[in-house]
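Asker: Following our numbering, the numbering of the sequence shown begins with 3 at its first residue and continues without gaps.
We put the CB at the ideal spot given by N, CA and C, even for glycine.
I have a structure I would like to understand better, so I am pasting it below and will then ask my questions one at a time.
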Amino acid sequence: MASLEANLLEQEYRHVPALRAAQAEAFLPLLEERLSEGNAWVAQFDDTVLGYLMAGEGWVEDGVQCYHVPVWGSGSAEAKDKILPKIFAHAAETLVTCRPVRFEWDLYAHDDPLIRAVSRLQFGIQYEEALRDTAEEIPDDSPVSVREWGKAELASRWGEVWALLSLLIRHLQKSPVFYPGKEFTEEVYRAFLLDPDTRLFAAEQDGVLCGIIEANRESRAPLTAADAWDVGEACVLPALRRQGIARALLRAVNETLRQEDVSQLWVGHGTANFSACGFWNRYFTPYLVTMLRQIQPI
Numbered sequence: 003m004a005s006l007e008a009n010l011l012e013q014e015y016r017h018v019p020a021l022r023a024a025q026a027e028a029f030l031p032l033l034e035e036r037l038s039e040g041n042a043w044v045a046q047f048d049d050t051v052l053g054y055l056m057a058g059e060g061w062v063e064d065g066v067q068c069y070h071v072p073v074w075g076s077g078s079a080e081a082k083d084k085i086l087p088k089i090f091a092h093a094a095e096t097l098v099t100c101r102p103v104r105f106e107w108d109l110y111a112h113d114d115p116l117i118r119a120v121s122r123l124q125f126g127i128q129y130e131e132a133l134r135d136t137a138e139e140i141p142d143d144s145p146v147s148v149r150e151w152g153k154a155e156l157a158s159r160w161g162e163v164w165a166l167l168s169l170l171i172r173h174l175q176k177s178p179v180f181y182p183g184k185e186f187t188e189e190v191y192r193a194f195l196l197d198p199d200t201r202l203f204a205a206e207q208d209g210v211l212c213g214i215i216e217a218n219r220e221s222r223a224p225l226t227a228a229d230a231w232d233v234g235e236a237c238v239l240p241a242l243r244r245q246g247i248a249r250a251l252l253r254a255v256n257e258t259l260r261q262e263d264v265s266q267l268w269v270g271h272g273t274a275n276f277s278a279c280g281f282w283n284r285y286f287t288p289y290l291v292t293m294l295r296q297i298q299p300i
């Protein structure tokens, strides 16, 4: 199975050179752990493995039984657009019982044949992750001052930060995203941004906070480099958008972490968020998509 994953990873390298930090051997412990959880299926002919799919033990959320197939949790040497859907059909016969079931299946972003095949299984793309090397330059044409805030300044100016985050939350709750965001409470955000592993960068104009972005020490290894950082929660005051402020914020994060020998940044966002897709995919290359299907048993 590790060799099948290596083949898929090699194909994605061609589109996302930054993925070369990932080594197929590093997936072995993950494959073994997922196998130990159960809910794994293998298609084979004689002694040859044709493909596999691992859904793991799953979890329950709001009365829905959920299963996640990670990007390394399915693979096939050839004809994957035919073999993997058949394995999923067999798995679903077992996993779909008397309660609603949600499947989240991660695929490499440029694996078009498999994405089309999974779409025909009535899955839809919901989320994507993208990657960049910090060595890549971002234009320096900032119209505002950007600097990193320490925890004391963040705590003292929390009201301004929360006002910006509230705009972001409301944006995600509107069409076409319609994300309920139950987890987006002020307490959760405050704890996250005050955590020692999270750093906040702020853009100011005449002393007024007009934009923020955060970076946190969360690698997606082995898909990313072990030192990769996650960036997100980028938000700019509506009246000042389209002036390069978000780009200036991202550049500040990129340059600061590059100087600290961080080699990669990654970001995750919902695909229905047009503004997020337009901004992040200008500076990052998508490498993974999450496809979702929820089934109400008959």
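So, at 7 angstroms on beta carbons, what are the nonlocal neighbours of Lys153 in its own chain, with the 5 sequence-adjacent residues on each side left out?
Answerer: Leu196
Asker: On a Cα-Cα basis, can you pick out the residue from Phe186, Pro178, Ser78, Leu167 that is closest to Ala45?
Answerer: Ser78
Asker: Taking C-alpha atoms, which residue in Gln175, Gly213, Leu225 lies nearest to Glu12?
Answerer: Per the Cα distances, Leu225.
Asker: Among the residues of its own chain, which have a CB less than 8 angstroms from the CB of Asp229, if the five just before and after it don't count?
Answerer: Ser221, Asp263, Val264, Ser265, Gln266
Asker: For Arg101, which residues of its own chain have a beta-carbon under 8 angstroms away from its beta-carbon, when the five flanking residues on both sides are left out?
Answerer: Gly65, Val66, Gln67, Pro299
Asker: Could you give the uninterrupted runs of the alpha helix (DSSP H) lying entirely in the segment 66-124, keeping only those of 4 residues or more?
Answerer: Counting only runs of 4 or more, we get 82-97, 114-122.
Asker: Distance check for Leu252 and Gln261, CA to CA, integer angstroms please.
Answerer: In a straight line, the C-alpha of Gln261 is about 14 angstroms away from that of Leu252.
Asker: In the structure shown, what three-state DSSP assignment does His271 receive?
Answerer: strand
Asker: Using CA atoms only, rank isn't needed, just tell me which of Glu235, Leu211, Phe29 is closest to Arg192.
Answerer: Nearest C-alpha to Arg192: Glu235.
Asker: If you compare alpha carbons, which of Arg284, Gly53, Ile247, Thr287 is closest to Glu80?
Answerer: Gly53
Asker: My assumption, with CB atoms under 8 angstroms, is that Ala93 sits in contact with Leu55. Please give the rounded CB distance.
Answerer: 6 angstroms
Asker: So, do the segment 118-136 and the segment 162-177 have three or more beta carbon pairs nearer to each other than 8 angstroms?
Answerer: no
Asker: Reducing DSSP to helix, strand and coil, say where Pro240 ends up.
Answerer: helix
Asker: Would you check if the segment 204-213 and the segment 182-192 touch, i.e. whether three or more CB-CB distances between them fall below 8 angstroms?
Answerer: Three or more beta-carbon pairs separated by less than 8 angstroms are not found between the segment 182-192 and the segment 204-213, which leaves the two stretches without contact.
Asker: Rounded to a whole number of angstroms, what is the C-alpha to C-alpha distance between Ser38 and Tyr69?
Answerer: 15 angstroms
Asker: Determine the contact status of Val71 and Ala57, defining contact as a CB-CB distance below 8 angstroms.
Answerer: yes
Asker: If I'm right that Glu106 touches Thr292 with Cβ under 8 angstroms, what's the distance once you round it to whole angstroms?
Answerer: 6 angstroms
Asker: For Asn218, I'd like the list of residues in its chain whose CB is within less than 6 angstroms of its CB, leaving aside the five on either flank, ordered along the chain.
Answerer: Asp199, Thr200, Asp232
Asker: So if DSSP puts Arg288 in a beta bridge, which residue, or which two residues, is it bridged to?
Answerer: Reading the sequence as shown, one finds Pro at residue 288 and not Arg. Ala132.
Asker: Taking C-beta to C-beta, are Leu21 and Tyr289 nearer than 8 angstroms?
Answerer: yes
Asker: Check whether the Cβ atoms of Val98 and Ile297 lie closer than 8 angstroms to each other.
Answerer: yes
Asker: Taking the alpha-carbon positions, what's the Arg295 to Trp164 distance?
Answerer: 33 angstroms
Asker: Please list, in chain order, all residues of the same chain as Phe125 whose beta carbon is under 8 angstroms from its beta carbon, the five residues on each side excluded.
Answerer: Phe105, Trp107, Met293, Leu294, Arg295
Asker: Tell me which residue opens and which closes the beta strand (DSSP E) that Leu52 is part of.
Answerer: Note, Leu52: beta strand (DSSP E), 50-56.
Asker: Indicate, with yes or no, if the ligand GTP has a heavy atom lying under 7 angstroms from the CB of Val146.
Answerer: With respect to small molecules bound, the structure shown includes none, and the ligand GTP cannot be examined in it.
Asker: Measuring CA to CA, which of His271, Ile214, Pro240, Asn275 is closest to Val255?
Answerer: Ile214
Asker: For the segment 136-197, list the beta strand (DSSP E) runs that are entirely contained and at least 3 residues long, ordered along the chain.
Answerer: Within the segment 136-197, the complete beta strand (DSSP E) runs of at least 3 residues are 147-151.
Asker: Return helix, strand or coil for Arg219, following the three-state DSSP convention.
Answerer: coil
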